[in-house]
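Sequential numbering from 1 applies to the sequence shown in UniProt numbering.
Cβ atoms here follow ideal geometry from the backbone N, Cα and C, with glycine treated the same way.
Fair warning: this is a prediction, and the values are worked out from it, not measured in the lab.
Since the structure comes first, as structure tokens, the remarks are kept for the end.
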Amino acid sequence: MPPAALALVDAVFQLALHHDRRARKAHAADPGHAPRRVQAHVLGPLEDEFNYIRVDIQFEGAASSNLSVTIDLDNQRLLAPQVGLGELSLGRSGIARLIGELEAWCYRALPVEEPEAKASTNTDVETTLKP
């Protein structure tokens, strides 16, 4: 397997771990929210194309969704029509662009929770300036 394909698989698993931690922290902070899980799976070789490997990212929970990217090993390309990229080269620039799109997709699927503004408890503190 080309090193770039291994790098992509590693990056996708790191992305899934990061967003799974975010989902768990959000649920721990507010148990009223439905628990969510983020998982990555590598499948391959695919039955119809022995030189294709598929990488899936799945969000499980209230609104489940998934995304698949196919790695074409023979032609050294990434196929990612679900994120609007179509075909990219299996190289640094293609991987970087794909990971950026996957990251954006993950943040849309699991938005950042804005912490509620807490009132300051130090409103009675006096500041004395000494000459």
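Under the three-state reduction of DSSP, which class applies to residue i: helix, strand or coil?
i, result
"G94", "helix"
"V83", "helix"
"A119", "Low confidence applies to A119: its pLDDT is 44, below 50, so where it sits in the model is not reliable enough to give any reading."
"H27", "helix"
"E49", "coil"
"D72", "strand"
"R54", "strand"
"R36", "coil"
"V12", "helix"
"L43", "strand"
"L6", "helix"
"L110", "coil"
Are the CB atoms of residue i and residue j nearer to each other than 8 Å?
i, j, result
"L110", "R36", "yes"
"Q58", "Q39", "yes"
"L79", "L90", "no"
"P2", "L73", "yes"
When you compare each of the options to residue i by their alpha carbons, which one comes out closest?
i, options, result
"R54", "L43, L6, R77", "L43"
"A5", "I95, V112, C106, W105", "I95"
"A34", "E47, S64, P45", "S64"
"N66", "L17, L8, C106", "C106"
"R108", "H19, F13, V12, D10", "H19"
"H41", "A26, A11, N75", "A11"
Quick one: residues in its chain with C-beta nearer than 7 Å to the C-beta of residue i, no 5 flanking neighbours on either side, listed in chain order?
i, result
"L88", "R77, L78, A80, G94, R97, L98"
"P31", "none"
Enumerate in chain order the residues of its own chain whose CB-to-CB distance from residue i is below 8 Å, with the five nearest sequence positions on each side excluded.
i, result
"L85", "L78, R97, L98, E101"
Excluding the five sequence neighbours on either side, which residues of its own chain have a C-beta within less than 6 Å of the C-beta of residue i, listed in chain order?
i, result
"L8", "I95"
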